[in-house]
Amino acid sequence: MIKINTKTITRIASIQGVYSYQILDSDPTIDFIIDFIITYYKDKSSLEDLELDSSIPCFKLRTNYLTKLVNETIDNLETIDMIISSYLADNWQIKDLHLILLSILRVATCELKFFTSTPYKVVINEFTNIANDFVKESEIGFVNSLLEKISFNVRTNS
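Mapping to the UniProt record's numbering: the sequence shown position 133 is 133, numbers consecutive.
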């Protein structure tokens with residue numbers, strides 16, 4: 001049986017929350033979006049949407065972590081975007097990144113910068129693995145490389 005770490009599920013849900021907030025242009029509120037995500041993940045039928053077995057014992061959210069991670073990401077979006085932008089190639093801007101990729105990078109950068117109790121290698125590995133299921137194969141290395149650079153900056157300059 002496949003076991004899914006609750007923090008992994010929470011990180012995926014956080015990406016979904018940040019993505020939803022961006023596509024809905026801040027309306028409804030972030031609290032509404034978080035509540036919707038929590039309700040969605042509590043509903044066992046949602047596991048069918050994700051093609052997961054509902055008998056997986058650790059398929060649950062860390063709701064406090066989800067709330068903190070999404071809120072911290074949204075509250076610090078300008079800072080997070082500046083960090084990400086500083087590592088993009090000269091001919092790239094943050095607006096050139098598609099929204100799913102950007103959402104992954106934003107949540108990962110937030111966790112690297114503001115949730116320092118988690119080792120940076122764990123954060124990079126988790127978000128690179130998550131990216132593997134959401135972005136093109138050519139973008140996975142980009143995610144890993146960018147997060148490595150960001151982690152060096154935010155973890156050594158904090």
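Just so it is clear, CB atoms sit at the ideal spot from N, CA and C, and this is done for glycine as well.
Three Cβ pairs or more, each shorter than 8 Å: is that satisfied between the region 71-91 and the region 121-131?
no
Cβ distance (whole Å) where V143 is taken to contact I104 below 8 Å:
6 Å
Beta carbon of T109, beta carbon of I80: below 8 Å?
yes
Could you tell me the alpha carbon to alpha carbon distance between V123 and S151, rounded to whole angstroms?
9 Å
Counted within 10 angstroms of its Cβ, other Cβ atoms place M1 as buried (16 or more) or exposed
Confidence at M1 is low in this model, with a pLDDT of 37, below 50, so the placement of that residue should be treated as unreliable; the coordinate-derived value is given next. The residue in question, M1, is exposed, as its Cβ has fewer than 16 Cβ neighbours within 10 Å.
Is DSSP giving C58 helix, strand or coil here?
Note that C58 has pLDDT 43, beneath the 50 cutoff, so the model's placement of it is unreliable and no number is given.
Once the 5 residues before and after I12 are set aside, which same chain residues still bring their CB inside 7 Å of it?
I130
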